[in-house]
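Quick notes on the structure that follows.
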Amino acid sequence: MNIAFWIISAVAVLGAVLAVTLRNLVHCVLALILFFIGIAAHYFLLHADFLGTVQILIYVGAVAILILFAIMLTHNVTGTDGPRELLGLKWWSGAAIAAMLAVVLTRAIQGDKLAAALPAGDRAQSSVAEIGKALVGGWVVPLEAIAVLLTAALIGAVVIALEEIRKSR
Amino acid sequence: MNIPLGHYLILAAILFAIGLAGALTRKNAIIVLMGIEVMFNSAILNLVAFWHYKHFAVPTAQLFAMFSIGIAAAESAIGLALVIAVYRHYKSVDVDEMRALKG
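For the record, the sequence lines run as chains A and B.
All residue numbers for the first sequence refer to our numbering, where the first residue is 1 and numbers rise by one.
All residue numbers for the second sequence refer to our numbering, where the first residue is 1 and numbers rise by one.
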């Protein structure tokens with residue numbers, strides 16, 4: 001299983017790096033899909049089967065397609081894009097801030113005792129049945145709340161995107 | 001599987017930093033949103049890793065992660081609608097050209 005962790009991690013990091021560095025926006029989305037699939041594979045590796053499926057359905061199936069539609073609606077299909085200046089500094093100042101954050105977080109994790117913890121053990125059956133029972137049991141109110149949130153987001157997205165058309169009528 | 005928890009935490013930290021770099025260094029608002037999605041995913045990966053190593057018996061953390069994914073989906077839908085609205089107004093999605101609030 002160790003080798004699986006390293007391969008999936010390499011795929012996820014490669015996808016993330018390509019998603020934020022490639023010039024062609026459509027290629028960026030394809031790299032982002034690679035990253036999402038890597039994260040889903042990590043969920044499967046961590047025995048969170050249902051969450052891995054949810055990740056593929058929502059991110060690869062919905063969010064990536066949504067981003068592709070946004071690119072098609074705002075740019076030429078093969079729109080390209082360059083780096084920007086941050087607060088008057090060169091573009092690499094943002095990358096330097098992110099690299100410093102990575103170093104600080106890594107040092108903090110390495111200095112923590114909890115980080116050396118090993119898994120409690122593998123179990124035979126998946127946790128999908130328990131999740132289903134929890135969702136219609138004690139977690140039914142948060143589930144309904146997120147349903148309302150998604151409905152509000154749907155209506156809000158339509159209202160925001162249609163604003164200019166309504167004004168011009 | 002004998003990967004210690006720290007490996008997952010460091011992986012998530014690296015992915016978070018990559019997402020932050022994308023959000024900070026790119027001009028296109030859609031790529032900035034993609035960087036935010038990368039950061040979201042690395043945070044949720046942390047949650048699931050802690051669940052696997054510390055509270056494997058109860059599925060609570062998976063529910064938390066699921067709700068986080070749902071909220072992230074709502075966020076990206078609203079964010080992309082805003083990008084389209086801004087594009088209608090400015091005819092551009094360059095974050096450097098959105099300076100209507102600049103004093």
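We put the CB at the ideal spot given by N, CA and C, even for glycine.
Three-pair Cβ contact test at 8 Å for the segment 15–32 of chain A versus the segment 31–51 of chain B: The segment 15–32 of chain A and the segment 31–51 of chain B touch, with no fewer than 3 CB-CB distances between them shorter than 8 Å.
Asp112/A - DSSP class collapsed to helix/strand/coil: Coil at Asp112/A, not helix or strand.
Check: Arg26/B C-beta below 7 Å from any heavy atom of the ligand COA: Judged by which ligands are present, the structure shown has none, so any question about the ligand COA falls away.
Same chain, Cβ closer than 6 Å to Gly52/A, neighbours up to 5 away in sequence not counted: Cβ within range, chain order: Ala40, Tyr43, Phe44.
For Arg107/A, the three-state DSSP class (helix, strand or coil): Reduced to three states, the DSSP call for Arg107/A is helix.
Any chain A beta carbon closer than 8 Å to Glu97/B: Against chain A, the CB of Glu97/B has no partner CB under 8 Å away; the residue lies outside that interface.
Chain B contacts made by the segment 105–116 of chain A, where a contact means CB separation under 9 Å: When C-beta distances to chain B are compared with 9 Å, the residues of the segment 105–116 of chain A below that value are Leu105, Thr106, Ala108, Ile109, Gln110, Asp112, Leu114, Ala115, Ala116, in chain order.
Spatial neighbours of Leu68/A in its chain, beta-carbon cut-off 8 Å, leaving aside the 5 residues before and after: Close CB contacts of Leu68/A within its chain, under the 8 Å cut and outside five residues either way in sequence, are with Val26, Val29 (chain order).
Alpha-carbon to alpha-carbon, Val63/A and Val77/A: Caution is warranted here: a pLDDT of 48 is assigned to Val77/A, below 50, making its placement in the model unreliable, and no coordinate value can be reported.
Close-in-space but distant-in-sequence residues of the same chain around Val83/B (CB under 8 Å, 5 per side omitted): Excluding residues within five positions, the ones whose Cβ falls inside 8 Å are Ala29, Ile30, Leu33, Val93.
For Arg212/A, the three-state DSSP class (helix, strand or coil): Only positions 1 to 169 of chain A appear in this structure, which leaves residue 212/A out of reach.
Under 8 Å by beta carbon: chain B residues contacting Leu14/A: Correct list: empty, because the minimum Cβ distance to chain B is about 10 Å.
Test: His27/A CB closer than 8 Å to a CB of chain B: It does not; no Cβ of chain B falls within 8 Å.
Distance between Leu149/A and Ile78/B (C-alpha atoms, nearest Å): About 12 Å.
Where Asn24/A meets chain B, residues with beta-carbon distance less than 9 Å: For Asn24/A, no chain B residue has a C-beta closer than 9 Å to its own C-beta; the minimum C-beta separation is roughly 11 Å.
8 Å Cβ cutoff, Ala62/A in contact with chain B: At least one chain B Cβ lies under 8 Å of Ala62/A.
Cβ contact (3+ pairs, closer than 8 Å) linking the segment 8–24 of chain B and the segment 56–73 of chain B: Put simply, the segment 8–24 of chain B does not touch the segment 56–73 of chain B. Fewer than three CB pairs are less than 8 Å apart.
Rounded Cβ spacing between Leu57/A and Leu63/B (contact assumed at less than 8 Å): The C-beta separation of Leu57/A from Leu63/B comes to about 16 Å, leaving the pair out of contact by the 8 Å criterion.
Distance CB(Asn34/A)-CB(Gly15/A) smaller than 8 Å: What sits at residue 34/A in the sequence shown is Leu, not Asn. In this structure, the beta-carbon distance from Leu34/A to Gly15/A falls below 8 Å.
Per-residue DSSP class, three states only, for Asn2/A: The three-state secondary structure of Asn2/A, taken from DSSP, is helix.
In chain order, each beta strand (DSSP E) run of at least 3 residues that lies wholly inside the segment 17–43 of chain B: Counting whole runs of 3 or more residues, the segment 17–43 of chain B contains no beta strand (DSSP E) stretch at all.
Top-ranked residue by Cα proximity to Leu24/B, from Trp91/A, Leu118/A, Glu130/A, Phe50/A: Residue Trp91/A holds the alpha-carbon nearest to the alpha-carbon of Leu24/B among Trp91/A, Leu118/A, Glu130/A, Phe50/A.
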